[in-house]
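These protein sequence lines are chains D and H, in that order.
The first sequence runs 1 to 615 under our numbering.
The second sequence runs 616 to 926 under our numbering.
To start, the structure under review is shown below, and the notes come after it.
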Amino acid sequence: MQRYPLWKGTLVAAVMAVAILVALPNWYGESPALQLSRHDRAAVDAAAAERIEAELQEAGVSLEERFVDGDGRLWLRFGAVPAQLAARDLIQRNAEGEFAIALTFASRAPAWLAGLGLEPMSLGLDLRGGMHLVYEVDVAGAVSQLLQRMERDFRKVLRDARIQYQDVAVEGDGVRVQLRDPSQVADARKAIVDYDATLAVTDGAAPGTLVAALSEDQVRQRQDFAIQQNITALSNRVDALGVAESVVQRQGLNRIAVQLPGVQDASEVVRLLGKVATLEFRLVDTANSPAEAARTGRAPLGTRLYRERNGSPVLLKRDVIATGEQLIDASFAATQGEPAVSVRLDSRGGEEMLRTTRENLNRPMAVVFIERDRELVERDGRQVVVDRSKEEVISVASIRGVFSNNFQITGLTAVEATELAKLLRAGALAAPVYIVEQRVIGPSLGQDNIDDGVFALTVAALAIFAFMIVYYRVFGVIACIVLTSNVILIIAALGLFNAALTLPGIAGIVLTIGTAVDANILIYERIREELEVGASPMAAISAGFDKAFSAIADSNVTMFLSGVVLFMFGSGPVRGFAVTMCIGIVASMFTALVGSRALIHLFYGRRRRIERLAI
Amino acid sequence: MMQFLKKVPSIRFMQRRRQWYWLSAAMIVASIAVILVRGLNLTVDFTGGVVLEVGFSQPIDLERAREALDTAGFEDFQVRNFGTASELEVRLPPAGTGEAAGIANRVMDAMRGLDVAAELRRTESVGPQVSRQLGEQAALAVLMTLLLVLVYIALRFRWRFGVGSLVASLHDPIVAAGAIALLQIPFDLNVVAALLTILGYSVNDTVVIFDRIRERFRSMRKATPAEVIDRAINETLGRTIIVAGCALASVLFLAVLGGETLRGFAVALSIGIVIGTYSSIYVAGAIALDLGASARDFMPPEKRGDVDDLP
């Protein structure tokens with residue numbers, strides 16, 4: 001009788017041992033948790049953690065576990081979703097504005113598994129609840145922003161070079177310059193090339209005109225930049241929301257997908273993510289009467305009319321001291337018990353602020369808060385962009401001392417101050433974004449989906465197991481072990497690749513069990529055929545595996561190919577399904593061809609003589 | 616030993632293949648007709664729009680829900696039960712950017728008028744530009760899968776078999792899509808995944824039979840191609856039935872127990888498994904035969920006296 005190579009048996013045992021270890025945390029599962037991070041990004045200290053636990057105990061909310069992770073965030077794990085939500089409400093009430101609270105899940109596995117870096121596989125939004133957003137970036141808008149800036153700069157460049165122009169205007173992917181005096185074309189060309197040597201400057205149709213065009217590369221670069229910049233800005237904003245395991249990634253040419261597990265308040269999130277907020281610092285005009293200006297609707301020369309939050313009019317000087325673009329950092333702070341935003345400007349903004357405050361001591365200065373929303377709405381069947389802008393004076397205060405790049409803004413409530421600090425820190429969006437896809441799955445639906453999916457999986461597996469054992473007896477038992485190993489391998493692989501399990505993913509596993517049986521059946525039917533033509537048991541096993549190989553390989557390769565295509569061209573749920581299917585196919589090839597053979601040899605290989613096989 | 620087929624049957628599948636061609640052609644024509652006439656029940660994934668799933672504490676009357684939405688000022692909406700009588704799915708036309716959340720709040724206000732415990736279980740809002748692209752992507756995925764499968768089978772089994780498997784595997788998703796249109800199963804991205812899986816499953820099934828045909832062509836030198844193909848199909852029939860049964864059982868459990876979200880997917884797969892099994896038995900081999908498949912297709916270019924070739 002031939003012997004089964006020892007190294008193959010060892011390999012199977014080793015692979016399975018690793019797979020079982022990696023898949024083990026899933027046995028313990030996860031339970032609902034809260035993740036608390038401080039708005040000022042400092043670590044949560046032990047005293048605060050104990051205080052919260054005491055508060056929860058007092059309110060009768062039972063806590064299963066509490067720990068502070070490496071990033072200084074406090075985790076609170078609960079037995080069920082209602083306790084988690086009750087705790088969130090309680091903490092929100094008691095410590096308003098202190099923490100960003102994220103709904104999440106925490107592993108129930110013992111600490112030694114977490115110590116090895118092993119955690120339950122992450123669940124997709126359809127299983128755990130949460131929000132999925134897809135933004136489309138207006139890349140054309142990003143290019144036109146650049147062209148408008150070029151137009152503005154050209155006017156300045158030409159003025160500085162003392163070249164008179166009739167007109168400077170954006171035209172296509174470039175800017176057209178019409179000069180007063182055609183003889184200055186060469187000078188104008190030089191001025192433009194000095195401004196940006198990468199522009200292609202050509203003569204226009206009429207004499208005395210020049211066209212400076214962006215190359216295709218430059219247009220593409222600008223579009224890429226806009227998307228990258230928006231991804232950064234959106235990531236910052238998402239981070240500021242304090243959502244655990246959030247994902248911001250590019251999708252296709254001009255889309256950005258955002259996944260926010262556990263997030264339920266869609267309107268709030270959409271508002272915060274899409275908002276463009278900035279600040280302007282201006283001096284207050286005290287020479288004229290704001291009431292008069294508000295009545296006539298005309299602001300005196302050199303001033304602009306604004307409204308304070310209480311609605312009263314205020315006149316501000318036209319010249320801006322500093323804007324939000326010069327901002328380096330902003331954070332929530334409290335001065336003498338009053339909420340404030342602590343602001344740091346770059347050196348240019350700081351110099352200007354220093355000069356202004358020195359010259360205008362004891363005069364009032366205003367902080368203007370500007371918020372822009374851009375919306376895409378359907379009007380008469382066409383999509384129209386509507387800009388909404390809100391400018392309001394959030395604080396007017398006398399300049400009490402000289403300061404430069406580090407100061408505080410007051411005059412806001414705690415919540416407003418927190419939000420403003422977040423928005424300022426997140427930076428501006430480089431190009432307008434529109435939501436083109438938005439999905440929110442409630443936590444109870446997620447739990448139902450898991451329960452249903454796992455139940456269907458268990459019943460399907462048990463039914464197939466029962467059939468296999470009745471039909472193939474000892475070999476059927478081996479097939480069941482092989483199929484179970486198959487599922488363990490899939491779970492371990494998902495964990496290793498850090499792929500999230502989704503509902504279509506569970507469907508993929510169910511289907512894999514259905515077809516993984518195929519590989520075993522092909523082998524067993526072959527062994528039966530060989531036995532029928534009179535082969536000895538060991539020869540039949542050996543021939544069965546060998547002859548079934550080409551069918552198993554060819555059919556699995558074609559299935560695998562279609563899985564790869566699904567992954568490449570599909571999106572969302574289709575991808576989740578394709579990943580588990582492909583992993584499942586590889587796992588079932590391994591278990592059926594190598595694993596089950598090792599088991600059969602383990603069972604029959606030690607006997608000296610085998611009269612018959614239980615197949 | 617338990618066996619469904621006590622001995623290898625000798626059904627002459629190839630003899631009456633004309634009649635199976637007619638059946639297949641009729642099914643394809645009927646499917647396309649149903650798809651064109653009744654139309655697929657496209658979901659927001661492909662039409663764009665807003666879908667809300669609302670859970671109630673008790674069974675809810677659809678008519679009352681419609682009235683409540685009407686009163687709340689909604690137009691052009693559809694309401695249906697989702698899974699159970701105490702769950703509703705509301706479909707609304709596409710919303711502007713960032714408006715979906717506001718719409719969800721208004722719908723929930725209306726629904727809480729019917730039942731204070733109404734709970735928003737899911738919101739999906741897909742813009743028209745995304746839905747168009749999702750449709751194009753799905754079509755592209757089908758085409759690419761077919762092309763890859765054709766190339767692979769042609770490489771492994773010669774082109775006659777490649778065409779046979781292509782026809783058989785194209786046949787299956789079309790008929791399955793026809794059945795989906797007939798039953799008006801909601802056609803979403805999951806169902807597209809199901810159609811692609813049907814394609815994969817059908818090819819898988821066909822390949823197993825082709826593998827046996829290849830083997831028998833090498834061992835049955837005296838037999839006619841039709842006899843060889845019949846023999847191969849008969850020999851693998853036991854396996855074909857068991858595997859189809861197992862796969863069918865697992866997706867039927869998914870359809871019954873897996874929850875409403877996966878029901879369309881599972882039903883589509885069940886139909887596809889039945890059709891896929893039929894086509895790999897009756898269609899794939901027959902087409903290869905009519906294209907002139909013979910033992911010559913599988914003769915090794917040089918004779919080296921392979922053991923496999925001995926009878």
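Backbone N, C-alpha and C fix where the C-beta goes; we use that ideal spot for every residue, glycine too.
Can you tell me where the alpha helix (DSSP H) with residue i in it begins and where it stops?
| i | result |
| --- | --- |
| D:Tyr471 | Pro443 to Phe497 |
| H:Leu869 | Pro840 to Leu872 |
| H:Ser740 | That residue, H:Ser740, is in no alpha helix (DSSP H); its beta strand (DSSP E) goes Glu734 to Val741. |
| H:Ile643 | Arg632 to Val652 |
| H:Glu704 | Taken as a continuous stretch (DSSP letters only), H:Glu704 belongs to no alpha helix (DSSP H), being part of the beta strand (DSSP E) at Thr699 to Leu707. |
| D:Phe603 | Ser596 to Tyr604 |
| H:Glu830 | Leu804 to Ser834 |
| D:Asp217 | Glu216 to Leu241 |
| D:Gln148 | Val139 to Asp160 |
| D:Lys190 | Val185 to Tyr195 |
| D:Asn520 | Leu503 to Glu532 |
| D:Ser246 | It is not in any alpha helix (DSSP H) - D:Ser246 carries neither H nor E in the DSSP assignment. |
| H:Tyr893 | Glu875 to Ser894 |
| H:Ile718 | Ala715 to Arg727 |
| D:Val579 | Pro573 to Phe590 |
Please state whether the Cβ-Cβ distance between residue i and residue j is less than 7 Å.
| i | j | result |
| --- | --- | --- |
| D:Ala322 | D:Phe369 | no |
| D:Leu76 | D:Arg88 | no |
| D:Ala516 | D:Asn486 | yes |
| D:Leu445 | H:Arg737 | yes |
| D:Gly174 | D:Ala213 | yes |
| D:Ala421 | D:Val341 | yes |
| D:Val284 | D:Pro182 | no |
| H:Glu739 | H:Phe697 | no |
| D:Asn360 | D:Ile399 | yes |
| D:Val134 | D:Arg255 | yes |
| D:Asn94 | D:Glu55 | yes |
| D:Glu119 | D:Pro5 | no |
| D:Gln223 | D:Thr335 | no |
| D:Pro443 | D:Pro504 | no |
| D:Met131 | D:Leu260 | yes |
Does residue i pass the burial test, meaning 16 or more other C-beta atoms within 10 Å, or should it be called exposed?
| i | result |
| --- | --- |
| D:Glu50 | exposed |
| H:Leu651 | exposed |
| H:Arg631 | exposed |
| H:Ser780 | buried |
| H:Ile813 | buried |
| H:Asp921 | Any answer about H:Asp921 is weak, because its pLDDT of 48 lies below 50 and its placement is not dependable; what the coordinates show is given next. H:Asp921 should be labelled exposed. |
| D:Lys275 | buried |
| H:Lys837 | exposed |
| H:Asp685 | exposed |
| D:Ala111 | exposed |
| H:Asp826 | buried |
| H:Leu620 | exposed |
| H:Thr876 | buried |
| H:Arg846 | buried |
| D:Ala618 | With chain D represented from 1 up to 615, any question about residue 618 of chain D goes unanswered, as that position is not in the structure. |
| D:Tyr28 | exposed |
| D:Thr10 | exposed |
Could you tell me if the beta carbon of residue i falls within a distance shorter than 6 Å of some heavy atom in the ligand FAD?
| i | result |
| --- | --- |
| D:Met559 | You won't find the ligand FAD in this model; it holds no ligand whatsoever. |
On the DSSP letters alone, give me the boundaries of the beta strand (DSSP E) that residue i sits inside.
| i | result |
| --- | --- |
| D:Leu103 | Phe99 to Ser107 |
| D:Ser31 | Glu30 to Arg38 |
| D:Arg318 | Pro313 to Thr323 |
| D:Arg344 | Glu338 to Leu345 |
Assuming residue i contacts residue j under a Cβ cut-off of 8 Å, what Cβ separation, rounded to an integer in Å, is found between them?
| i | j | result |
| --- | --- | --- |
| D:Phe78 | D:Ala33 | 7 Å |
| H:Pro801 | H:Thr662 | Wrong, their Cβ atoms sit about 11 Å apart, outside the cutoff. |
| H:Ala808 | H:Phe692 | With 8 Å as the limit, H:Ala808 and H:Phe692 do not qualify as a contact, their Cβ atoms being about 28 Å apart. |
| H:Ala908 | H:Arg775 | 5 Å |
At a CB-CB cut-off below 7 Å, which residues of chain C make contact with residue i?
| i | result |
| --- | --- |
| D:Phe577 | In summary, chain C is missing from the structure at hand, where the protein chains are D and H. |
Which runs of the beta strand (DSSP E) at least 3 residues long sit entirely within the stretch 51–81 of chain D? Give them in chain order.
63–68 and 74–78
Uninterrupted alpha helix (DSSP H) stretches inside the stretch 251–311 of chain D (no shorter than 4 residues):
Runs of the alpha helix (DSSP H) inside the stretch 251–311 of chain D: 266–274 and 290–296.
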